[in-house]
Amino acid sequence: MTNTYAIVLAAGQGTRMKSDLYKVLHPVCGKPMVEHVIDHIRELNSDRIVTIVGHGAEVVEQTLGNKSEYALQTQQLGTAHAVQQAERVLADLEGTTLVVCGDTPLISTETMAALLAHHHETEAKATILTAIADDPTGYGRIIRAENGDVMRNVEHKDTNDEERLVKEINTGTYCFDNRVLFDTLKKVNNENAQGEYYLPDVLGILKSEGQRISAYTTPNFHETLGVNDRVALAQAERNMRQLIAEKHMRNGVTIISPDQTVISAEAEIGRDTIIQPGVLIEGATKIGSQCVIGPNSHIQNSTVGDNTTIHSSVVRDSTVGSQTAVGPFAHLRPETQLGDYVKVGNFVEVKKSQLGDASKVSHLSYIGDTEIGKNVNVGCGTITVNYDGKNKHKTEIEDNAFIGCNANLVAPVTIGKNAIVAAGSTVTKNVPENSLAIGRVRQENKEGYVKN
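Count the sequence shown with this note's numbering and you get residues 98 to 549, in order.
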């Protein structure tokens, strides 16, 4: 089988973005656009991937890590010059090279695979990924011969009246015979108005040498769109959201209002789960089957078990078990772990804490730096007082304990198994198992105190 390599063009400055953030690092559905491109290529099992970096090179390399090799383009002298920077890595290798722009996050693995397959089937030296555009203004046009081969690629500014009517456009993604590519790049000149070396000129040189140039047309023009400004970024975000939502719906997830739902590209959702309007699911979140994620919930980098309900709540960097209910208006902060059959109710904040199976914190409470066992009931208004002004301290509440309403548990403190803390108590000492702790002033009624 032919070896496959990839070159990702990511060295452009992106001045039209008007941003301090390097263009290809702008996120689309929660992930930098260039990382989308790299991840799609990696699914092809490519032998080597080289990303051409320039402006912000160090940040790009830190973001992508070992997903790619890198070549530096110190001067932006055109797309052909950019590809040529990969010569030290790829020039002597036999195989096929895919060239993709780092600002085209929507091009799917399936489209790349189809382009490669077409390239091999036609035995061409170069193959262009093309698309049919309703409005091709600004794009290079693909002029074909009667047998379907590409005769030439004509830039929009160079088209005549007849060529301007052609709607098949060059998307800027290519396949090349690897050695032919690097041999031909040496023949490209910069005799043009911009004084740059353009990759499409490789096609003209190959054609003049009698080599076959082919083209594969993707049926989806929108996936080929490049992101050059904030308007295009918003369009890419919108298109990818729709693609992600459709993928989950086809896999058995109900999304009530896809237009009002944001799901990251990395999220996993089980079948028969219902996603209600206004939900934001970010990062590598995993949601089980038969869940209900209620309106306006925000879940980030978290794991949610089966048959769990999250209603109008925030869950960040946390683990939520099965058959568990969260919300409405609960906040699970990082490092929270909820077991199965747990309830965290309205206006409850949990931070860096564990709740065992069947435990409940139903109303208006703060649970921080706390380990709660199984079948514990925490009453309304309870606070685990974890901060002394300098350091955080831990509270432990063991299995089957009962914490009455409006209790303050001043850490470090342990509430033993089956213990009861009376409502309104401030607890500063450990409570032994099977004990009742009362930490409040005894009520005294003074009859006749109020005189008419």
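Even for Gly, the Cβ is constructed at its ideal location relative to N, Cα and C. Computed from a predicted model, the values in this text were never measured in an experiment.
Asked, Found
"Alpha helix (DSSP H) segment containing Met114, residue limits", "Unbroken run through Met114: none, as it is neither H nor E."
"Counterpart residues of Val510 in DSSP-defined beta bridges", "Thr492"
"Beta-bridge pairing of Glu155 - partner residues as DSSP gives them", "DSSP output for Glu155 lists no bridge partner at all."
"contact_flag[the region 128-140, the region 188-206] where n(CB pairs < 8 Å) is 3 or more", "yes"
"Three-way DSSP call (helix, strand, coil) for Lys120 in this model", "helix"
"Span separating the alpha-carbon of Gln173 from that of Gly192", "27 Å"
"At least three beta-carbon pairs within less than 8 Å, the region 174-185 to the region 110-122", "no"
"Bridge partner(s) assigned by DSSP for His215", "For His215, which the question treats as bridged, DSSP gives no partner whatsoever."
"Paired residues, beta bridge with Asp274 - DSSP", "Thr193"
"Contact check, Ala427 vs Tyr438, beta carbons under 8 Å", "no"
"Own chain residues within Cβ distance below 6 Å of Asp466, not counting five before or after", "Lys449, Asn483, Lys489, Lys491"
"Whether Asn542 touches Asn531 by CB criterion (8 Å)", "no"
"Own chain, CB closer than 6 Å to Ser389, minus 5 neighbours either side, in chain order", "Per the sequence shown, residue 389 should be read as Val rather than Ser. Closer than 6 Å at the Cβ level, and outside the excluded window around Val389, lie Ile371, Thr406."
"Gly237 beta carbon less than 8 Å from that of His253", "yes"
"Beta-carbon separation (whole angstroms), Val596 vs Asp496, contact threshold 8 Å", "Missing from the structure shown is residue 596; the chain here goes from 98 to 549 and no further."
"Helix, strand or coil at Leu262 [DSSP, three-state]", "helix"
"Expected contact under 8 Å - CB spacing of Val547 and Gly536 to nearest Å", "Wrong, their Cβ atoms sit about 29 Å apart, outside the cutoff."
"C-beta atoms of Pro355 and Ala342 nearer than 8 Å", "yes"
"Rounded C-alpha distance that separates Lys440 from Phe499", "15 Å"
"Unbroken alpha helix (DSSP H) run spanning Cys134, endpoints", "A small correction: the amino acid at residue 134 is Val; Cys does not occupy that position in the sequence shown. Val134 -> alpha helix (DSSP H) spans 130-139."
"Whole-angstrom C-beta distance between Lys222 and Gln308, which should lie under 8 Å", "4 Å"
"Where Met248 falls, given that 16 or more other Cβ within 10 Å makes a residue buried", "exposed"
"Per DSSP, the bridge partner or partners of Asn443", "His460"
"Residue range of the beta strand (DSSP E) that includes Val251", "247-251"
"CB contact flag (Thr219, Ile104, <8 Å)", "no"
"N-terminal and C-terminal residue of the alpha helix (DSSP H) that Ser311 is part of", "Looking at the DSSP string, Ser311 is not in any alpha helix (DSSP H); the run it does join, the beta strand (DSSP E), is 310-315."
"Cβ-based neighbour list, Glu446, same chain, cut-off 6 Å, excluding 5 preceding and 5 following", "His428, Tyr463"
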